[in-house]
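Chemist: What follows is a structure written as structure tokens; I'll ask about it next.
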Amino acid sequence: MKNSTTREQTINNIRQTPDIDILIIGGGVNGIGVFRDLAINGVHVLLAEKADFCSGASAASSHMAHGGIRYLENSEFRLVREAVKERNRLLVNAPHYVKPLPTTIPMFKAFSGLFNAPLKFMRLLDKPSERGALIIKMGLMMYDAYTGSERTVPRHDFKSRQSSLAAYPLLNPDIIATATYFDGAILQPERLCVEMILDAEAANPRARALNYLAVSGGETDTVRLTDQVSGESIAVRPKLVVNAAGPWIDFTNDALGRRSRFIGGTKGSHLVLNHPQLREAIGENEFFFENKDGRIVLIFPWFDRVLIGTSDLKIDHPDDVRCTEEEVDYFIGMLSKVFPSIKVTREHIVFRFSGVRPLPTQDAATTGQISRDHSIRVIEADGERPFATLSLVGGKWTSFRAFAEQVTDEALARLGATRTRSTRDLPIGGGDQYPATAKAQRDWVNAITAESTLTPSRIQTLFERYGSRAKLIAATCAANDDQPLTHRADYSTAEIRFLIQLEKIVYLDDLILRRTLIGMLGELTLPLLQELCAILAAANGWDDARRQAEEDRTLALLAERHQVIF
Ligand SMILES: Cc1cc2nc3c(=O)[nH]c(=O)nc-3n(C[C@H](O)[C@H](O)[C@H](O)COP(=O)(O)OP(=O)(O)OC[C@H]3O[C@@H](n4cnc5c(N)ncnc54)[C@H](O)[C@@H]3O)c2cc1C
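Note that the sequence shown covers residues 36 to 601 in the numbering used here.
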């Protein structure tokens, strides 16, 4: 089992062919979306990501594939319509990681918001307020209309107080009703990103994406890239630059000598709770509502954990944002409003994460009113810089594909090339040939089991973890020396080696936080971390000192960024 192209080979290849069509800066979902679209259209493109893929804003989302019903109130009709369509596409193109998500709004008032909304549409009212049942009903009817005839998800449904309490007995008895509508849950955003990169590289040998490669500056027609592993520099000469550095867009433009002030990011944090009683109380529903000051609260079923969030706070610098103790207090306080009899404490928190929304600079009275729509900001070529830069401002995880399509069309036009393929119906990774129904899934697992030495339950686990990509992973496990991990028997040594060698893993945190969910779901133990580090060390030929240093670095990162302490 060996990666066809190693990191060193890719770096050599970049050195040997410095003249490229397009350089994409940033491997979040927006940069990766553009990379995939350009790749399938035959463009010579390089994506450079300074850290790991999907480790910035794209790793900090609330995991919702949604139209954003509350943006209707900010008159963002275009955005909501587009995002609903993209949500539907994700449910079809990435069914292994994006699943329908029933979303329930608990309501405490009948009327509030009804008279505010028209004022907000006309931009006359800046103060948010808690939504009442009537305004929610109006919004949900519009939302259903946007789903249109596609019907990837059912229409919304209102429940009386009595039926709501029968369905969710621990819900606050002060409610007057609940409304349930459907969105999508993006269960593994980090894996979707890496799978798109692998798909793109498989489709086009002139498309390369490298993590831990930072854009650090440049002179006239060259851009300087710095390998964050070796510290070495490489120069490339692009015809066009796509700046998809998210919250770091302005810093990156500045480094290229193209000063911009496009981004006014806001921080959002989340907690992952191990709380079986709360998990049971919400069932497979997300609870989603807005509190009096307009802040969104979500209580989201995530495997056997509960994800809660989120905040929306203006920040000065996107580096080093952390979930603070004040945010934790706020989240716990909001939970007690919805499920007052359930006791949640800091003991239940197994993971915390924060990120910065790359929103446009805007003078809104509240952060919730800053537009969530996306736009391309162009800095044209000039005497100092012979290439134009397209900066990707704003956007939602859900609508990355539509944004990427818009950027790709602009980029192709600038290169004088024409689009030959679309990503609209293009499956992602293990979503390709994914069996849709429960029966088709059973047949799929049986068929793979019949041609494998692995047990049906092992194939089932791999299928749930990787979708149809499980076929390749099962074959690799069967063909190689493979053992269950000592400290986590549902993972195996060959499976982990597969991820390390074929999914661009450089550091241990890439493996535990982004190629698997072990870290984010709070399933890590110190012995398991050491076992995984030993497999990584063996795959990379590290000596004991290097292995120990990596273990220490990862432990420090988990403690400092995610407050996970062993
Ligand atoms: C708290 C929160 C909740 C959200 N919830 C949702 C949700 O539920 N649903 C939804 O649809 N959207 C949601 N979003 C929005 C969505 O996640 C973001 O809009 C989207 O992920 C932005 O992606 P991006 O690729 O533009 O930025 P990023 O993911 O931040 O990617 C930018 C990348 O550029 C890299 N980079 C920076 N500088 C350089 C350099 N010099 N050289 C190389 N690389 C560089 C960074 O390391 C980073 O990986 C949420 C966002 C946040 C923060």
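For each residue, glycine too, the CB sits at the ideal point set by N, CA and C.
Report the option in Ile-284, Arg-500, Glu-419, Pro-470 whose CA atom is closest to the CA atom of Pro-395.
Modeler: Within the sequence shown, residue 395 is the residue found at index 360, counting from 1. Nearest option by C-alpha distance: Ile-284.
Chemist: According to DSSP, is Phe-388 helix, strand or coil?
Modeler: As a first step, residue 388 must be located in the sequence shown, where it is residue number 353. Note: Phe-388 maps to strand in three-state DSSP.
Chemist: Report the rounded CA-to-CA distance for Leu-447 versus Gly-281, giving the unit in angstroms.
Modeler: As a position in the sequence shown, residue 447 is number 412, starting the count at 1. As a position in the sequence shown, residue 281 is number 246, starting the count at 1. If I take the Cα positions, the gap works out to 22 Å.
Chemist: Specify, as a first and last residue, the run of the beta strand (DSSP E) that Met-142 falls within.
Modeler: Along the sequence shown, one-based indexing puts residue 142 at 107. Looking at the DSSP string, the run of the beta strand (DSSP E) that includes Met-142 is 133 to 142.
Chemist: Does the count of Cβ pairs from the segment 49 to 62 and the segment 267 to 282 closer than 8 Å reach three?
Modeler: In short, these stretches touch, since the Cβ pair count reaches three.
Chemist: In the structure shown, what three-state DSSP assignment does Trp-479 receive?
Modeler: Within the sequence shown, numbered from 1, the residue matching residue 479 stands at position 444. Here Trp-479 sits in helix by DSSP.
Chemist: Per DSSP, which one or two residues make a beta bridge with Thr-424?
Modeler: The residue given as residue 424 occupies position 389 in the sequence shown. DSSP output for Thr-424 lists Val-276, Ile-414 as bridge partner(s).
Chemist: Go ahead and pull the three-state DSSP assignment for Arg-296.
Modeler: Here residue 296 refers to the residue found at position 261 of the sequence shown. Note: Arg-296 maps to coil in three-state DSSP.
Chemist: In its own chain, which residues sit with a C-beta less than 6 Å from the C-beta of Gly-68, not counting the 5 before and 5 after it?
Modeler: For this step, residue 68 is matched to residue 33 along the sequence shown. Here the set comprises Phe-435, Arg-436, Ala-439.
Chemist: Just curious, the beta strand (DSSP E) that Arg-243 is in, first and last residue?
Modeler: If you number the sequence shown from 1, residue 243 lands on position 208. Looking at the DSSP string, the run of the beta strand (DSSP E) that includes Arg-243 is 242 to 245.
Chemist: Looking at the unbroken beta strand (DSSP E) that takes in Ile-334, where does it start and where does it end?
Modeler: Mapped onto the sequence shown, residue 334 falls at position 299. Taken as a continuous stretch (DSSP letters only), the beta strand (DSSP E) holding Ile-334 covers 331 to 337.
Chemist: How about the segment 89 to 100 and the segment 470 to 482: do they share at least three Cβ pairs that are nearer than 8 Å?
Modeler: No, the segment 89 to 100 does not touch the segment 470 to 482.
Chemist: Tell me whether the beta-carbon of Val-341 lies closer than 8 Å to the beta-carbon of Ile-377.
Modeler: What you label residue 341 is simply residue 306 of the sequence shown in a count that begins at 1. What you label residue 377 is simply residue 342 of the sequence shown in a count that begins at 1. For Val-341 and Ile-377, no; Cβs fall outside 8 Å.
Chemist: Considering Cα atoms alone, identify which of Ser-295, Gly-303, Asp-355 is closest to Gly-344.
Modeler: For the purposes of this step, residue 344 is identified with residue 309 of the sequence shown, where counting begins at 1. Nearest option by C-alpha distance: Gly-303.
Chemist: Cutting at 7 Å between CB atoms, please list the residues of its own chain near Cys-228, excluding the five before and the five after it.
Modeler: Position 193 of the sequence shown holds residue 228. Once the five neighbours on either side are set aside, the close Cβ partners of Cys-228 are Val-64, Ile-67, Phe-88, Cys-89, Ser-93.
Chemist: Do you know how far the Cα of Ile-600 is from the Cα of Arg-116?
Modeler: Start at 1 with the first residue of the sequence shown, and residue 116 comes out as number 81. Start at 1 with the first residue of the sequence shown, and residue 600 comes out as number 565. Going by the C-alpha atoms only, they are around 43 Å apart.
Chemist: Give me the residue from Ile-140, Leu-205, Asp-417 with the minimum Cα distance to Gly-174.
Modeler: Sequence index remark: in the sequence shown, residue 174 carries index 139 (1-based). Cα-wise, what sits closest to Gly-174 is Ile-140.
Chemist: Tell me whether the segment 366 to 383 and the segment 322 to 336 touch, counting them as touching only if at least three CB pairs, one residue from each stretch, are closer than 8 Å.
Modeler: Contact holds: three or more Cβ-Cβ distances are below 8 Å.
Chemist: Three-state secondary structure (DSSP) at Leu-571?
Modeler: In the sequence shown, counting from the first residue as 1, residue 571 sits at position 536. Three-state DSSP puts Leu-571 in a helix.
Chemist: From the DSSP output, in three-state form, read off Pro-462 for me.
Modeler: On the sequence shown, position 427 is the one that residue 462 refers to. Here Pro-462 sits in coil by DSSP.
Chemist: Quick one: what's got a C-beta closer than 7 Å to Ala-594's C-beta in the same chain, skipping five residues either side?
Modeler: Looking up residue 594 in the sequence shown gives position 559. Contacts found: Ile-600.
Chemist: With distances taken between CB atoms, is the gap from Ile-211 to Ala-168 smaller than 8 Å?
Modeler: Here the question's residue 211 lines up with position 176 in the sequence shown. Here the question's residue 168 lines up with position 133 in the sequence shown. For Ile-211 and Ala-168, yes; Cβs fall inside 8 Å.
Chemist: Is the separation between the beta-carbon of Gly-219 and that of Leu-333 shorter than 8 Å?
Modeler: Residue mapping note: residue 219 aligns to position 184 of the sequence shown, counting from 1. Residue mapping note: residue 333 aligns to position 298 of the sequence shown, counting from 1. Against a cut-off of 8 Å, the Cβ pair of Leu-333 and Gly-219 comes out as no contact.
Chemist: Report yes or no: do three or more beta-carbon pairs, one from the segment 532 to 550 and one from the segment 562 to 576, lie closer than 8 Å?
Modeler: A contact exists between the segment 532 to 550 and the segment 562 to 576.
Chemist: Assess, as a yes-or-no matter, whether the segment 499 to 513 is touched by the segment 127 to 140 under the definition of 3 or more beta carbon pairs within less than 8 Å.
Modeler: Judged by Cβ distances under 8 Å, the segment 127 to 140 makes contact with the segment 499 to 513, as three or more pairs qualify.
Chemist: Tell me whether Val-428 is buried or exposed, calling it buried when 16 or more other Cβ atoms sit within 10 Å of its Cβ.
Modeler: Locating residue 428 in the sequence shown gives position 393, counting from the first residue. So Val-428 ends up on the buried side.
Chemist: Helix, strand or coil: how does DSSP classify Thr-261 here?
Modeler: Counting from 1 along the sequence shown, the entry for residue 261 is found at position 226. Of the three classes helix, strand and coil, the one that applies to Thr-261 here is strand, per DSSP.
Chemist: Quick check: does the Cβ of Glu-315 come within less than 7 Å of any heavy atom belonging to ligand 1?
Modeler: The residue labelled residue 315 in the question sits at position 280 within the sequence shown. No, since every heavy atom of ligand 1 falls outside the 7 Å radius drawn around the Cβ of Glu-315.
Chemist: Comparing alpha-carbon positions, which option in Glu-530, Ile-104, Thr-187 lies nearest Asn-123?
Modeler: Sequence index remark: in the sequence shown, residue 123 carries index 88 (1-based). Ranking Glu-530, Ile-104, Thr-187 by Cα distance to Asn-123 puts Thr-187 first.
Chemist: What residue from Gly-62, Asp-579, Asn-288, Phe-338 has the CA that sits closest to Leu-308's CA?
Modeler: Numbered from 1 along the sequence shown, position 273 holds the residue referred to as residue 308. The option with the nearest alpha carbon to Leu-308 is Phe-338.
Chemist: On the CB-based measure, 16 or more other CB atoms within 10 Å of its CB, does Lys-120 come out buried or exposed?
Modeler: Within the sequence shown, residue 120 is the residue found at index 85, counting from 1. Classification for Lys-120: buried.
Chemist: Straight-line CA distance for Tyr-365 to Arg-105?
Modeler: Residue numbering aside, residue 365 sits at position 330 when the sequence shown is read from its first letter. Residue numbering aside, residue 105 sits at position 70 when the sequence shown is read from its first letter. Each residue's alpha carbon lies about 21 Å from the other.
Chemist: Exposed or buried, what is Val-413 when buried is set at 16 or more other beta-carbons lying within 10 Å of its beta-carbon?
Modeler: Reading the sequence shown from its first residue, position 378 is the one you call residue 413. Exposed is the call here.
Chemist: Measuring only the C-alpha atoms, how far is Asp-192 from Thr-215?
Modeler: For the purposes of this step, residue 192 is taken as the residue at position 157 of the sequence shown. For the purposes of this step, residue 215 is taken as the residue at position 180 of the sequence shown. Cα-Cα distance, rounded: 5 Å.
Chemist: Does the beta carbon of Glu-586 fall short of 7 Å from some heavy atom of ligand 1?
Modeler: Against the sequence shown, residue 586 aligns to sequence position 551. Glu-586: no, Cβ never under 7 Å from ligand 1.
Chemist: Sorted by chain position, which residues of the same chain lie with C-beta nearer than 8 Å to Gly-299's C-beta, five sequence neighbours on each side aside?
Modeler: In the sequence shown, the residue the question calls residue 299 occupies position 264. Contacts found: Lys-349, Leu-394, Pro-395, Thr-396, Gln-397, Ile-405.
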